[in-house]
Amino acid sequence: CKAKNSAENSQRANSKTGKGRTMLGGVTKKLDLMIAGNVANTNIYSPTDKQSHIDCQKMFAEQIAWAKEAGVDFVIAETISWTEEAKLALKEIKDAGLIAVVNLAIPKGDKTREGHSAAEACKILEDHGADVVGLNCYRGPDMTMKLLPSIREQVSCHVAALPVPYRTTEQFPTHMYIEDPNCGCLD
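In this text, residue positions in the sequence shown follow this note's numbering: the first is 332, and each later residue adds one.
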């Protein structure tokens with residue numbers, strides 16, 4: 332389909348199906364696919380600023396509504412390092428009636444920004460309705476894998492992990508802060 336934009340795609344799909352389906356919904360049924368929507372950290376969340384919680388909730392609600400309108404089967408909330416911000420995204424996903432996958436970004440120190448271990452945060456999210464919990468592409472394989480056993484022990488839901496292909500270490504556990512002594516390109 333060489334439509335110029337998603338609205339045109341949707342209009343074409345609707346005219347073909349006659350059922351008001353979006354293009355995405357029609358394609359996924361035809362090809363037997365599951366399609367994910369995605370929301371990420373907002374960069375405005377502050378634990379002490381209640382207005383930021385309201386603004387984050389509104390942002391997540393709007394993005395998730397668009398994803399649902401497009402016909403996604405589930406939504407991944409990721410790159411969130413605050414447990415409470417992840418809970419805001421999770422609530423909006425579940426309120427939309429969608430499957431919720433919540434993958435956290437765990438920074439240096441192996442804890443969320445509030446101080447929860449990855450396992451504690453994942454358990455909190457499971458208790459609030461997450462269908463899948465885990466870690467996103469903030470850490471390399473070794474630094475991701477080291478956190479998974481404790482997560483698996485804490486939760487009964489599915490656990491996801493998406494390590495980034497970098498050699499992160501205990502000193503530099505996330506790809507955001509890697510230093511390469513053999514590269515003069517980084518200052």
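Glycine is no exception: its CB is placed at the ideal position from the N, C-alpha and C atoms.
- The DSSP-derived three-state label of L466 is strand.
- Between the region 482 to 491 and the region 438 to 447 there are fewer than three C-beta pairs closer than 8 Å, too few to call the two in contact.
- DSSP, reduced to helix, strand and coil, places I407 within a strand of the structure shown.
- Closest option to K425, judged by alpha-carbon separation, among D363, L456, P480, T500: L456.
- Within 10 angstroms of the beta-carbon of K389 lie fewer than 16 other beta-carbons, which makes it exposed.
- Taking the C-beta atoms as reference points, I395 is found nearer than 8 Å to E423.
- Excluding its 5 nearest sequence neighbours in each direction, M476 has C-beta neighbours in its own chain below 8 Å: A492, P494, listed in chain order.
- For I430, same chain residues with a beta-carbon under 6 Å away, outside a window of 5 residues either side, are F405, D462 in chain order.
- Contact annotation: V403 and G460 have beta-carbon atoms that are not nearer than 8 Å.
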